[in-house]
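So the mapping is simple: the numbering used here equals the position in the sequence shown, first residue as 1, plus 9.
Backbone N, C-alpha and C fix where the C-beta goes; we use that ideal spot for every residue, glycine too.
Bear in mind that the values here come from a model prediction, so they are computed numbers and not experimental data.
The structure under discussion appears below in the form of C-alpha cells.
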Amino acid sequence: MSGDSVAMRALPSAPHDPDSGPRRLIVAMVAVIALFIVTALVWAIVAELDVSVQARGSVVPPSRLQEVQSLDGGIVEQMLVVAGQRVTKGQLLARLDTAQAKATEGESRQHWLAARAGRARVDALLSGGAPRFDEAWRQEAPELIAKETQLWRDGLSEYQSTLSVGREGVSRRRGELAEAESRIVQLRDAVKLGEESFAIEERLFKQGAGARADYLNAQQKLQQQRGELEALQQSLPRLQAGLAEAQAQLGEAGSRMRAQWGAQRSEFETKAAALSAPLGG
C-alpha cells in the first residue's frame, strides 16, 4: 500500500460466554411458570365449575307428598308407620301421650270458668242484682263460685259505703244551706221589726219623751241584725257551691266504680273469648 493509505485491521471478536445459553433458558422457564400461575388464578376467580353426579331415584310430585303435623300437643308414644311408607286418608299414623295436653286443657278450662264467673259478678254489680252463675259451674268449680260470690258482696258493700259517705256529705251541705236560708228569712223579719222599733224610739228620743238608753239599745240591736243578715246573704254562694261540689263528688264516686266494673267486664269477655276457641266453645 501507498504511504497515504491507512492500514485497516480487523478487530478481534468478543470472547464467547459459555453461560449465556442456560441463563436465557432459566429466565424463559420462570416467565412461563409466572404466566401459568396468573392464568390459573384468573380462571379460578371467573370460571364456573360444573359437577355432574349420576344416581338412581324417583320423582315424587308435590301433590303426593304431605307433611303430617299434630294440632294437639303431646309426646309421641308409638309410631305406627315408617319413613317412606305409603299411607291412606284416615289411617292412624301415631299415638300421642295426651296427659300433658289434658292437663293444659284442664288449666285452660279453669281460666275460662274464672273469666265467665268474673263477668257474671261484674254484670250483677252493674245491674244492681245478684250474680247468675250456671249450675254446671257450681258443680265443676264450687270454690271458684264461692270466691266470686264473696267478691260480689265485697264490691257491693264498698259501692254502698262509698255512696253512703257521699250522700252524707250532700245531706250535710244541703242542711247548712237550708239553715242559712231559714235564718235569713227570720232575720229579714227581725230587721223589719227592728227598724220599726228604732223609728219609734228615735222619734220619742227626739221629742224628749223617750230615754236615751232605749234609743241606743234599739239602734244597736238593729245594727247587729243587719250585720248578721248581710253576712248570711254573703255566705249563700259559698254554701251553694259546697252543695254542688258534694253532689258532683257523689256522682263521680259512683261513676268511677261503675267504670272500673265496665273495664273488668271487657277484660273478662276478652279472656273468655280467647279461651273458648281452644276448648271448642
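Boundaries of the alpha helix (DSSP H) in which residue i is found, first to last residue
i	result
residue 92	No alpha helix (DSSP H) contains residue 92, which DSSP labels as neither H nor E.
residue 213	151 to 216
residue 140	First-last for residue 140: undefined, no H or E at that position.
residue 101	No alpha helix (DSSP H) contains residue 101, which DSSP labels as neither H nor E.
residue 260	221 to 285
C-alpha distance - residue i paired with residue j, whole-angstrom precision
i	j	result
residue 271	residue 130	11 Å
residue 266	residue 144	29 Å
residue 196	residue 260	35 Å
residue 53	residue 47	10 Å
residue 201	residue 231	9 Å
residue 149	residue 119	9 Å
residue 225	residue 254	44 Å
residue 222	residue 208	14 Å
residue 85	residue 117	22 Å
Spatially closest choice to residue i from the options, by CA coordinates
i	options	result
residue 135	199, 118, 149, 165	165
residue 139	194, 149, 154, 278	154
residue 194	101, 239, 119, 123	239
residue 173	282, 263, 277	263
residue 147	122, 169, 137	122
residue 256	41, 40, 176	176
residue 229	215, 142, 203, 217	203
residue 190	237, 35, 212	237
Classification of residue i by the beta-carbon crowding that lies within 10 angstroms, buried from 16 upward
i	result
residue 127	buried
residue 133	buried
residue 284	buried
residue 45	exposed
residue 302	What is shown of the chain runs 10 to 290, which leaves residue 302 out entirely.
residue 227	buried
residue 152	exposed
Short Cβ contact (8 Å threshold) for residue i with residue j
i	j	result
residue 182	residue 245	no
residue 242	residue 199	no
residue 248	residue 186	yes
residue 258	residue 184	no
residue 125	residue 281	yes
is_contact[residue i, chain C] using C-beta, thresh 8 Å
i	result
residue 257	Reference to chain C is not applicable here, since this structure consists of a single protein chain.
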